[in-house]
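Some notes on the structure that comes next.
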Amino acid sequence: MAPRAGRDRADWTGRQVPQASACLPSGPDQPSVRFRPALPGVPAPSGVRRRTAAAGEGRPQRSRSARYVPVPYAAQMRMDSHVRAITARSIRDNGRVTSPTTFTRSRPLSRPRPRLIATDLDGTLLRDDKTVSDRTVAALAAAEEAGIEVFFVTGRPARWMDVVSEHVHGHGLAICSNGAAVVDLHAGRSIVEVRELERRTAHDVVETLRREAPGTAFAMEFTDGIRHEPDYPPLHLDAALTVGPAEKLLHEDLPSAGAPLLKLLALHRDLTPDGFLALARTAAGHHASITRSSPTALLEVSGLGVSKASTLALCCAERGISAEEVVAFGDMPNDIEMLTWAGSSYAMGNAHPDVLAAASDRTAANEEDGVAAVIEDILAHC
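Just add 1 to wherever you are in the sequence shown, counting from 1, and you've got this note's numbering.
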């Protein structure tokens, strides 16, 4: 497929991306944190800073359907108007998503050899027990040996990246917190770039959701750790630095004011996950980017325009990699922009129905090493 005009050096909104090196290491220890506007052309947050910080959704969405994998990669490249239609059923193992869907897909005549693989972690690369299978480890290593860069692109904060740190080679970078942070896993999970959520914006979202969805509890993910309200359930992986009302925790006069805010978390115990997401986007989507990755009604709020896709697009542009040269994997709504941006994208067999509709292809579930199966097929036919 011939690259679309302007894609090679543009972000996923179509705006041209400055050819800076924000995603590339600038020194051996990676000491500085960079602050970038939410999107090119959007003013940077006031008080842009450089500091050392240790880690403690645009372009119109393409409507794509999906199909089962594997089809040999070389065969895909030869297909022109060949249409495949199958009926599949997506069943998440928690029983909350069951979607019988008929998929059709018309393949292009050819596509570029992949230069970068971008994969989500939970529900995608990781198995349900949060481990990486031996088969997946081998596939990732083989891809990098073949000259294909691998980026982990996750909603996880940097401090939760131990599970995959040893499997990142080469550049050592990962995109965390839904695109709000670029993290160097080779340098102790240090944050080398931040796309900050302004506290005033977070406060506006809190105010709106308190009014529109009473009973919402909030937590805040800063570069130095998490802070949450008393009604927010404590996380088993973290001890909160501070507990208190969101309005207080977001106040600029607190000692934590120097730590950049990466994302706001909003939890509702009574609303359905998709219902809460739709409500929040309608009420507060003009303030910030709102998505979700949890099977519960837990929303993740980032700066307007900040997403996995927009940060991945910036990192790819700095490497001279076009969207058509990227293969992406995901399973939940926070992956949709990334899957629609990438030239080739795979929804996991366990994916949310909206993800199945967004991706160009489908692979096996995370428990069946779906990511590894696609990588093996790509390497066998490139």
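By construction, the Cβ of each residue, glycine as well, lies at the ideal position given by its N, Cα and C atoms.
Throw me the rounded Cβ distance for the residue i and residue j pair, which I believe falls under 8 Å.
| i | j | result |
| --- | --- | --- |
| residue 349 | residue 366 | 6 Å |
| residue 180 | residue 312 | 4 Å |
| residue 351 | residue 294 | Actually they are not in contact, since the Cβ atoms of residue 351 and residue 294 sit about 13 Å apart, beyond 8 Å. |
| residue 332 | residue 125 | 5 Å |
Measure from the alpha carbon of residue i to the alpha carbon of each residue in the options, then state which is nearest.
| i | options | result |
| --- | --- | --- |
| residue 231 | 314, 242, 225, 223 | 242 |
| residue 140 | 373, 379, 381, 378 | 373 |
| residue 135 | 368, 378, 383 | 368 |
| residue 203 | 285, 362, 268 | 285 |
| residue 227 | 178, 205, 209 | 178 |
| residue 375 | 320, 114, 275, 347 | 347 |
| residue 192 | 272, 287, 159, 249 | 159 |
| residue 120 | 276, 383, 381, 364 | 364 |
| residue 265 | 319, 188, 210 | 210 |
| residue 274 | 362, 355, 186 | 355 |
| residue 330 | 283, 314, 320, 360 | 360 |
| residue 118 | 249, 162, 357, 176 | 176 |
Considering only the beta carbon of each residue, do residue i and residue j sit closer than 8 Å?
| i | j | result |
| --- | --- | --- |
| residue 196 | residue 307 | yes |
| residue 174 | residue 224 | no |
| residue 190 | residue 183 | no |
| residue 143 | residue 207 | no |
| residue 281 | residue 299 | no |
| residue 233 | residue 220 | yes |
| residue 317 | residue 327 | yes |
| residue 145 | residue 151 | yes |
| residue 217 | residue 289 | no |
| residue 222 | residue 304 | no |
| residue 272 | residue 291 | no |
| residue 114 | residue 383 | yes |
Within a Cβ cutoff of 8 Å, which residues of the same chain sit near residue i, ignoring the five residues on either side of it in sequence?
| i | result |
| --- | --- |
| residue 164 | 122, 127, 131, 132, 133 |
| residue 148 | 116 |
| residue 245 | 228, 230, 231 |
| residue 276 | 298 |
| residue 137 | 126, 370, 372, 373 |
Secondary structure at residue i, three-state DSSP: helix, strand or coil?
| i | result |
| --- | --- |
| residue 229 | strand |
| residue 271 | coil |
| residue 133 | coil |
| residue 1 | Look at the range of the chain in this structure, 2 to 383, and you will see that residue 1 is not part of it. |
| residue 7 | Any reading at residue 7 must be qualified, since the residue scores a pLDDT of 38, below 50, and its modelled position is unreliable; the value itself is stated next. In the structure shown, residue 7 sits in coil (DSSP, three-state: anything other than H, G, I, E or B). |
| residue 197 | coil |
| residue 384 | This structure does not reach residue 384, given that the chain is present from 2 up to 383, and the question cannot be answered. |
| residue 167 | coil |
| residue 363 | strand |
| residue 177 | strand |
| residue 292 | strand |
| residue 346 | strand |
| residue 297 | coil |
| residue 376 | helix |
| residue 314 | helix |
| residue 118 | strand |
| residue 337 | helix |
| residue 370 | coil |
| residue 182 | strand |
| residue 356 | helix |
| residue 1 | The requested residue 1 does not occur in the structure, where the chain is confined to residues 2 to 383. |
| residue 155 | coil |
| residue 141 | helix |
| residue 242 | coil |
| residue 206 | helix |
| residue 251 | coil |
| residue 305 | coil |
| residue 127 | coil |
| residue 97 | Low local confidence applies: a pLDDT of 34 at residue 97 is under 50, so the model's placement there is unreliable, and no value is given. |
For residue i, which residues of its own chain have a beta-carbon under 6 Å away from its beta-carbon, when the five flanking residues on both sides are left out?
| i | result |
| --- | --- |
| residue 7 | Summary for residue 7: the model assigns pLDDT 38, below 50, so the residue's position carries little reliability, and this model does not support an answer. |
| residue 310 | 13, 338, 339, 342 |
| residue 251 | 200, 203, 204 |
| residue 57 | Unreliable positioning characterises residue 57 in this predicted model, as indicated by a pLDDT of 37, which lies under 50. A coordinate reading is not provided. |
Any heavy atom of the ligand FMN inside 7 Å of the beta-carbon of residue i?
| i | result |
| --- | --- |
| residue 347 | This structure does not include the ligand FMN; it has no bound ligands of any sort. |
Spatial neighbours of residue i within its chain, please: C-beta separation below 7 Å, excluding the five flanking residues on both sides.
| i | result |
| --- | --- |
| residue 156 | 178, 179, 294, 301, 335 |
| residue 260 | 223, 224, 225 |
| residue 353 | 98, 332, 333, 334 |
| residue 381 | none |
| residue 377 | 140 |
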